[in-house]
Amino acid sequence: MWAVVESWRLLAQGLLVTLAISAATVALGTVIGGLGGLVLLYGALPLRWLWRVYVDVVRGIPQLVLIFAIYYLLPVVGINVPAVVAGVAALSLFAGAHMSEIARGAIGSIPRGQHDAARALGLAFWGRLRWVVLPLALPRAIPPWVNTVVEMVKGSALVSLVSIVDLLFAAQKILERTGQAIPLYLTLCVVYFLINFGISRLGGMLERRFAYKT
Amino acid sequence: MQYFFNYPIVLRQFDQLWNGLLLAIGFAFVSLLIGAALGIVAAFARVYGGPALRGVVATYVEVVRNIPFLLLIFIMYFGIPSLKLGLGTFRLRLDENGATIAALAIYAGAYLTEIFRAGILAVPRQQIEAGRALGLTGLQVAWLITLPITFRVVLPSLGSTLISLFKDTSIASAISVRELTYAGIQINLQTWRVIEVWSLVAALYLATTAALAAGLRFLERRFAIPGWGQ
Numbered sequence: 001m002w003a004v005v006e007s008w009r010l011l012a013q014g015l016l017v018t019l020a021i022s023a024a025t026v027a028l029g030t031v032i033g034g035l036g037g038l039v040l041l042y043g044a045l046p047l048r049w050l051w052r053v054y055v056d057v058v059r060g061i062p063q064l065v066l067i068f069a070i071y072y073l074l075p076v077v078g079i080n081v082p083a084v085v086a087g088v089a090a091l092s093l094f095a096g097a098h099m100s101e102i103a104r105g106a107i108g109s110i111p112r113g114q115h116d117a118a119r120a121l122g123l124a125f126w127g128r129l130r131w132v133v134l135p136l137a138l139p140r141a142i143p144p145w146v147n148t149v150v151e152m153v154k155g156s157a158l159v160s161l162v163s164i165v166d167l168l169f170a171a172q173k174i175l176e177r178t179g180q181a182i183p184l185y186l187t188l189c190v191v192y193f194l195i196n197f198g199i200s201r202l203g204g205m206l207e208r209r210f211a212y213k214t
Numbered sequence: 215m216q217y218f219f220n221y222p223i224v225l226r227q228f229d230q231l232w233n234g235l236l237l238a239i240g241f242a243f244v245s246l247l248i249g250a251a252l253g254i255v256a257a258f259a260r261v262y263g264g265p266a267l268r269g270v271v272a273t274y275v276e277v278v279r280n281i282p283f284l285l286l287i288f289i290m291y292f293g294i295p296s297l298k299l300g301l302g303t304f305r306l307r308l309d310e311n312g313a314t315i316a317a318l319a320i321y322a323g324a325y326l327t328e329i330f331r332a333g334i335l336a337v338p339r340q341q342i343e344a345g346r347a348l349g350l351t352g353l354q355v356a357w358l359i360t361l362p363i364t365f366r367v368v369l370p371s372l373g374s375t376l377i378s379l380f381k382d383t384s385i386a387s388a389i390s391v392r393e394l395t396y397a398g399i400q401i402n403l404q405t406w407r408v409i410e411v412w413s414l415v416a417a418l419y420l421a422t423t424a425a426l427a428a429g430l431r432f433l434e435r436r437f438a439i440p441g442w443g444q
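First to last, the protein sequences are chains W and E. Heads up: the first sequence at position 200 corresponds to 200 in this note's numbering, and the numbers run straight through without jumps. Going from the second sequence to this note's numbering is simple: count from 1 and add 214.
This is the structure we're talking about:
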């Protein structure tokens, strides 16, 4: 247990990196996903196909392959950025693909009648989205979105494999020095569990907050 | 910028990628089998067990589903041997393949527990009561009635778990298991043909997930319960 107490500073720094990467990934992924949902439903044909290819390819390959591919690819195409940027880019693309499908499903599940009624009220496309369709679609998107957020916190641990000092990498470094595997791993289990359990709880509260009041 | 594609130099080591792919598929199927066994037992414990047993199962499910898979692999590979469990001169330790299968199976087991639980609860009461009325014991009802229906109900979820497991095998590259991603990293470092290597690796993963999905759709149609859910 001493290894954990003694090295708490390194672990805390790693935890901050894990949280920062997760937050950035979720934010970027949500933007990509929201846009993606609209493109997949209402986009012009070539754009819609391109987005479908992006979503299906990213969902069909492992997260880690995407991280390695982008990590090694960026320098080759002349983009020299720190590893953490490559990691966040890869994870965001992954989150964006999943969230595109979530947004498409949620928006697409709103009955045609709502669209038609909004049109009958004289609302233009963006007005229909803003005032009618999105308020109905949002509550449906929350549960799968929260699941994806948890997946992204878990997925953020993969960036330790491209030498980014996140929580897991910090633990591995301390492990090399002290050999105290079990106390370190137990601590990590507790920390990851608390983060993700907390997110699920918050998600449940969001769900109730935005549930239809009938 | 100028980039000259050179696939032949990468394809010369295609058998490394191919063997990695086969290993990954093998891992996925083996761990699905073990995970399903684990999941079925845990699901019955969760549905029919006492409060203590239910608590143990719930803890297992919640903890495993909320930690990164990479951490679970590290626990199996670095954590288990450090416990120095064993008898006499025997010490429990897992080699990299054993640790991978153990981690995948435990991971799958947690997800499958929830899936099987939903499947068990979906079995109509009348089916179970009819079995009891015929004089079957509790175990016979579970084996002859609940399980066959549950299996057919959960088959689609079982399939998506298999595909997730197959993709998760890539994480075993972290402990030097010679699966597809590990082969990709090795060839990448030898040849530095970044685009060729990773496009090929991605294509192999994509083709396999697509093939698995197609196979599963066939099985789902084959085993669908006529009239279920209508």
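Backbone N, C-alpha and C fix where the C-beta goes; we use that ideal spot for every residue, glycine too. Just so we're clear, the structure is a prediction, and the values are computed from it rather than from any experiment.
* Asked: Is it right to say residue 364 of chain E is buried, meaning 16 or more other beta carbons lie within 10 angstroms of its own, or is it exposed?
  -> With 16 or more Cβ atoms within 10 Å of its Cβ, residue 364 of chain E is classed as buried.
* To do: Can you tell me which of the three DSSP states residue 114 of chain W falls into?
  => If DSSP states are grouped into helix, strand and coil, residue 114 of chain W belongs with the helices.
* residue 273 of chain E, buried or exposed, once every other Cβ within 10 Å from all chains shown has been counted against 16 -> By the neighbour-count definition (other C-beta atoms within 10 Å, threshold 16), residue 273 of chain E is an exposed residue.
* Could you name the residues of the same chain whose beta carbon sits closer than 6 Å to that of residue 132 of chain W, not counting the 5 residues immediately before and after it, in chain order? => The residues 114 and 118, in chain order, have a CB closer than 6 Å to that of residue 132 of chain W in the same chain once the five nearest residues on each side in sequence are set aside.
* From residue 249 of chain E to residue 409 of chain E, what does the alpha carbon distance come to, in whole angstroms? -> Rounded to the nearest whole angstrom, the C-alpha separation of residue 249 of chain E and residue 409 of chain E is 35 Å.
* Asked: Quick one: which chain E residues come within Cβ less than 8 Å of residue 154 of chain W?
  -> Within chain E, the residues near residue 154 of chain W are 280, 281, 282 and 283.
* Asked: Cα-Cα, which of E/315, E/293, E/317 and E/337 is closest to residue 306 of chain E?
  -> Comparing C-alpha distances from residue 306 of chain E to each of E/315, E/293, E/317 and E/337 shows the shortest one belongs to E/293.
* To do: Compute the Euclidean distance between the alpha carbons of residue 93 of chain W and residue 309 of chain E, then round it to the nearest angstrom.
  => When rounded, the distance between both Cα atoms is 34 Å.
* Asked: Taking contact to mean at least 3 C-beta pairs separated by less than 8 Å, is the region 278 to 286 of chain E in contact with the region 347 to 366 of chain E?
  -> Taking 8 Å as the limit for Cβ pairs, the verdict is that the region 347 to 366 of chain E does not touch the region 278 to 286 of chain E.
* Local conformation of residue 315 of chain E per DSSP, three classes -> The three-state secondary structure of residue 315 of chain E, taken from DSSP, is helix.
* Asked: Closer than 8 Å, CB to CB, is residue 228 of chain E near chain W or not?
  -> Answer no: the Cβ-Cβ gap between residue 228 of chain E and chain W never drops below 8 Å.
* Asked: So, is residue 36 of chain W buried or exposed, given that buried needs 16 or more other C-beta atoms within 10 angstroms?
  -> By the neighbour-count rule (16 or more Cβ atoms within 10 Å), residue 36 of chain W is buried.
* 4-residue-minimum alpha helix (DSSP H) runs that sit fully inside the region 98 to 180 of chain W, ordered along the chain -> With a minimum length of 4 residues, the continuous alpha helix (DSSP H) runs that stay inside the region 98 to 180 of chain W are 112 to 120, 125 to 128, 134 to 155 and 167 to 178.
* **Contact with chain E by residue 164 of chain W, beta-carbon distance below 8 Å** => Not an interface residue.
* Is any beta-carbon of chain W found at less than 8 Å from that of residue 420 of chain E? -> Chain W, which has a Cβ nearer than 8 Å to the Cβ of residue 420 of chain E, makes this yes.
* Asked: Rounded C-beta distance between residue 419 of chain E and residue 394 of chain E? I'm assuming under 8 Å.
  -> Right, the Cβ-Cβ distance comes to about 7 Å (below 8 Å), so this counts as a contact.
* Between the C-alpha atoms of residue 234 of chain E and residue 209 of chain W, what's the straight-line distance to the nearest angstrom? -> Residue 234 of chain E and residue 209 of chain W: Cα-Cα distance of roughly 48 Å.
* Determine contact between the region 62 to 74 of chain W and the region 26 to 35 of chain W, defined as no fewer than three beta-carbon pairs at a distance below 8 Å. => Touching, no, given that fewer than three Cβ pairs across the two stretches are closer than 8 Å.
* Asked: Listed from N- to C-terminal order along the chain, which residues in the region 76 to 98 of chain W have their beta-carbon within a distance smaller than 9 Å of any beta-carbon of chain E?
  -> Those would be 76, 77 and 78, in chain order.
* Asked: Under three-state DSSP, which class holds residue 442 of chain E?
  -> Of the three classes helix, strand and coil, the one that applies to residue 442 of chain E here is coil, per DSSP.
* **residue 142 of chain W and residue 206 of chain W closer than 8 Å at C-beta** => Result yes, Cβ atoms of residue 142 of chain W and residue 206 of chain W sit closer than 8 Å.
* To do: Can you check the region 225 to 274 of chain E for any alpha helix (DSSP H) of at least 4 residues that lies completely inside it and give the ranges in chain order?
  => Taking only runs of at least 4 residues, the alpha helix (DSSP H) segments lying wholly in the region 225 to 274 of chain E are 228 to 262.
* Under 8 Å between C-beta atoms, does residue 385 of chain E make it to chain W? -> Cβ-Cβ to chain W under 8 Å: yes for residue 385 of chain E.
* So does the region 4 to 18 of chain W actually touch the region 151 to 168 of chain W, counting three or more Cβ pairs closer than 8 Å? -> Note that the region 4 to 18 of chain W touches the region 151 to 168 of chain W; at least 3 beta-carbon pairs, one per stretch, sit closer than 8 Å.
* Compute the Euclidean distance between the alpha carbons of residue 82 of chain W and residue 18 of chain W, then round it to the nearest angstrom. => Their backbone Cα atoms lie some 16 Å apart in a straight line.
* Asked: From residue 122 of chain W to residue 24 of chain W, what does the alpha carbon distance come to, in whole angstroms?
  -> Whole-angstrom Cα-Cα distance: 38 Å.
* Asked: On the three-pair Cβ rule with 8 Å, is the region 259 to 268 of chain E touching the region 329 to 349 of chain E?
  -> Segment contact: the region 259 to 268 of chain E against the region 329 to 349 of chain E, three or more CB-CB distances shorter than 8 Å; contact assigned.
* Please confirm whether residue 242 of chain E and residue 383 of chain E have their CB atoms less than 8 Å apart. => Between residue 242 of chain E and residue 383 of chain E, the gap from beta carbon to beta carbon is short of 8 Å.
* State the DSSP-derived secondary structure class of residue 393 of chain E, mapped to helix, strand or coil. => Shown here, residue 393 of chain E sits in coil according to DSSP, grouped into three states, outside any helix or strand.
* Asked: Going by Cα to Cα distance, which pick from E/227, E/224 and E/286 is closest to residue 155 of chain W?
  -> The residue with the shortest Cα to Cα distance from residue 155 of chain W is E/286.
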